[in-house]
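Numbering (the working numbering), first residue to last: 152 to 356.
Every residue gets a Cβ at the ideal spot worked out from N, C-alpha and C, and that includes glycine.
Just so we're clear, the structure is a prediction, and the values are computed from it rather than from any experiment.
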Amino acid sequence: MAAVVLIAFSCAFLFHRYRVMTAPPAKQTPPPALERTEPAPFLSLGEIKRLRVVAKDPDPNVRWATMELLFMVKDPESIGILQKAVINDPDRDLRIKSIQLLEKKNDLLALAGLIRGILDIDKDVRLAALKSAGAIGDPAATPWVMEALKDIEPEVRGEALLTLGQFQDKRKTQYAELIARLRAQYEAEVKRQKERHELGKMRPL
Numbered sequence: 152m153a154a155v156v157l158i159a160f161s162c163a164f165l166f167h168r169y170r171v172m173t174a175p176p177a178k179q180t181p182p183p184a185l186e187r188t189e190p191a192p193f194l195s196l197g198e199i200k201r202l203r204v205v206a207k208d209p210d211p212n213v214r215w216a217t218m219e220l221l222f223m224v225k226d227p228e229s230i231g232i233l234q235k236a237v238i239n240d241p242d243r244d245l246r247i248k249s250i251q252l253l254e255k256k257n258d259l260l261a262l263a264g265l266i267r268g269i270l271d272i273d274k275d276v277r278l279a280a281l282k283s284a285g286a287i288g289d290p291a292a293t294p295w296v297m298e299a300l301k302d303i304e305p306e307v308r309g310e311a312l313l314t315l316g317q318f319q320d321k322r323k324t325q326y327a328e329l330i331a332r333l334r335a336q337y338e339a340e341v342k343r344q345k346e347r348h349e350l351g352k353m354r355p356l
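This is how it looks when you write it as structure tokens:
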């Protein structure tokens, strides 16, 4: 009798192992997908609005630090604030630094501020504006640079000539880039036509 029980127990154990080995693997719950989150803005809109007010502080160091920060966080009104500083700020050094910051923007909005700097009453501000206009290289400022050739300061007149030369150099560079681009397009088209011609010759008549 004991032998029968032992055999039955062994059969049950072997059957259980067989079921475990042949059963399909249990489905594993995949880990939750990681969501890409954008970093929070460095400054809230309310904080940026307060900084715009601080940009009018009586202390020129505070004004400059605030304008530089607004430019760094890409406040859409920062260029307008810098332009107003070039026109109206009583601190000469701040006007010069505003011009140099506008140069980094390198577009027509910045160029408008530089043009006002070319007309400044202070020689050093006019020089800074001419240098920045030359660095941007946009010939749209040419009429105002031409007026600077009549400046009472020889240094300003000399800088105006250098700026005009930079405009010309940029035009040459742009022209050379245009010619190179057109040549590449022409050569690519010739190559495509040649490949189509060779493919047509390979087709059976």
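- For Leu265, the enclosing alpha helix (DSSP H) covers residues Leu259 to Ile269.
- Shown here, Glu254 sits in a helix according to DSSP, grouped into three states.
- Closest in C-alpha terms to Ala311, from the list Asp289, Arg277 and Ala291, comes Arg277.
- With respect to Phe318, Gly285 sits close: the two C-beta atoms are nearer than 9 Å.
- With a 10 Å radius around the Cβ and a threshold of 16 neighbouring Cβ atoms, Ala261 comes out buried.
- Per DSSP, reduced to three states, the secondary structure at Leu315 is helical.
- The beta-carbon separation of Ile250 and Ala280, rounded to 5 Å, stays under the 8 Å limit for a contact.
- Looking at Ile287, Asp271 and Lys352, the one whose alpha-carbon comes closest to that of Ala299 is Asp271.
- DSSP places Gly197 within a helical segment (H, G or I) once states are collapsed to three.
- The beta-carbon separation of Arg203 and Ile232, rounded to 7 Å, stays under the 8 Å limit for a contact.
- The beta carbon of Lys256 is closer than 7 Å to those of Ile230 in its chain, skipping five residues each way along the sequence.
- When the five nearest sequence neighbours on each side are left out, the beta carbons in the same chain lying within less than 8 Å of the beta carbon of Leu221 are those of Ile199, Leu202, Arg203, Ala206, Glu228, Ser229 and Ile232, in order along the chain.
- Secondary structure note for Leu220: its alpha helix (DSSP H) is the uninterrupted segment Pro211 to Met223.
- Contact between Ser283 and Leu313 does not hold, since their C-beta atoms are separated by about 12 Å, which reaches or exceeds 8 Å.
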